[in-house]
Amino acid sequence: MSAPPAQLSLRRPDDWHVHLRDGALLQAVLASTAAQFGRAIVMPNLSPPITTVAAALAYRQRILAALPDGSGFTPLLTAYLTDTIDPAELERGFGEGVFAACKLYPANATTNSAAGVSDLANLSALFETLERLGMPLLIHGEVTDAEIDIFDREAVFIERHLEPLLRRHPGLKVVLEHITTAEAAAFVAASSANLAATITPHHLHINRNALFRGGLRPDMYCLPVAKREQHRLALRAAAISGNPRFFLGTDSAPHPRHAKEAACGCAGIFNAPYAIESYALAFEQEGALDRLEAFASEFGPRFYGLPLNEERITLVRESVSVPARLHLNDAAGEAVELVPFHAGELLPWRLA
Ligand code: NCD
Ligand code: ZN
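Its first residue numbered 4, the sequence shown is counted upward by one per residue in our numbering.
Shown next as structure tokens:
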């Protein structure tokens, strides 16, 4: 392999899947995302979830109010699908530019998903609306059936639900979020231009062994949970493939350390502070740094039909030491303790 360049200039990337939270935690974590990304698709799994245009507008105001001065960051909001959501509300929100997409959580699949969808087959009127509007449907692709092994839930979701859904609604524009398996990567690669997938930095770096290295590791626990090594390698291959239907989505999902290091600790990895550095490392390890910009900054906006960012960022070939813990100030000025992804590691690229 040739020596890495001294620096890398990229069009400013966007994050096509992030949890910015609300209230005190929003204030603590937002700056990390805003420092790296131009725009982000913001997940609606708040408590209560964002199911109306009014709630989305109010949330957008809270995000904008929490941004550091001078930040050019743009949040793109999403609607949380429930069994009873009115397709007309989605249509209005999309038409008014408030909702960029809608998010489907199978009921009880993950954090704050209890109000999610219990049966996709009941929502055909809604899917017809999305199809007609060209409004993207973002899917947490895991079955919730307790009988299904947790490591198989994504692959079974594709077979039982996603494939039939796309057959019933061939015009639906879908993003299969945070894919974790070779099956998902292969399914997306083999399907039509309407189906894309986001890939997180952590699923490019860890396999399921990371959850147990040196003891039980809550900081490595997220949903969908990391799978075997063969799957991590398949995700790396997809990310560097140059296929425009695989793009960046961090799924940065912060929970205070005490909520993760607990009985029934929360799922979610907080990767926002070093996200682009983490992706850069993975692409470098694959000898594919020349493909990073397209994955991080071009394929996402093209799929969403949005302009590319004009601004650029620079990654410098200098190591950065990721703290074991971060203490980030919330709205009340209290420090929230969070464990960042790559805690305690040295990363070879630094965002200038
Ligand atoms: C997310 C969260 O905490 O909101 N957790 C996670 O592990 N990714 C929810 C989700 O995206 O599944
Ligand atoms: Zn998520």
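In this text, a Cβ means the ideal position worked out from N, Cα and C, and glycines have one as well.
Counting the other Cβ atoms within 10 Å of the Cβ of Leu-126 gives 16 or more, which makes it buried. In the structure shown, Thr-132 adopts helical secondary structure according to DSSP, grouped into three states. By the Cβ-count criterion, Gln-64 is exposed, with fewer than 16 other Cβ atoms from all chains shown falling within 10 Å of its own Cβ. Per DSSP, the beta bridge partners of Val-21 are Val-45, Ser-255. Contact annotation: Val-101 and Leu-80 have beta-carbon atoms nearer than 8 Å. If you look at Glu-232, you'll find it in the alpha helix (DSSP H) that goes 232-242.
Boundaries of the alpha helix (DSSP H) around Tyr-307: 302-307. Residue nearest to Gly-290 within the set Ala-265, Ala-262, Pro-257, Arg-239 is Arg-239 (criterion: CA-CA distance). With a beta-carbon spacing of about 19 Å, Glu-92 and Ile-142 fall beyond the 8 Å limit used to define contacts. Of all alpha-carbon atoms in Ala-68, Val-120, Ile-316, the one lying nearest the alpha-carbon of Leu-13 is that of Ile-316. Taken from the Cβ of Ala-256, at least one heavy atom of ligand 2 lies inside 7 Å. Residue range 185-193 is occupied by the alpha helix (DSSP H) that includes Phe-190.
With a cut-off of 7 Å, the C-beta of Ala-270 is classified as near ligand 1, since at least one heavy atom of the ligand falls inside that distance. Counting only the Cα atoms, Ala-68 lies some 20 Å from Pro-52.
By the neighbour-count criterion, in which a residue is buried when 16 or more other Cβ atoms sit within 10 angstroms of its Cβ, Asp-86 is exposed. Closest in C-alpha terms to Pro-204, from the list Leu-341, Ala-338, Pro-276, comes Pro-276. Residue burial annotation: Glu-301 is buried, with at least 16 other C-beta atoms found within 10 angstroms of its C-beta. Runs of beta strand (DSSP E) with 3 or more residues, each lying fully within the stretch 148-226, are found at 177-179, 198-202, listed in chain order. Relative to the non-hydrogen atoms of ligand 2, the Cβ of Met-46 comes within a distance shorter than 7 Å of at least one. Less than 8 Å divides the Cβ of Arg-353 from the Cβ of Val-319. Look at His-20: its beta carbon is less than 7 Å from one of the heavy atoms in ligand 2.
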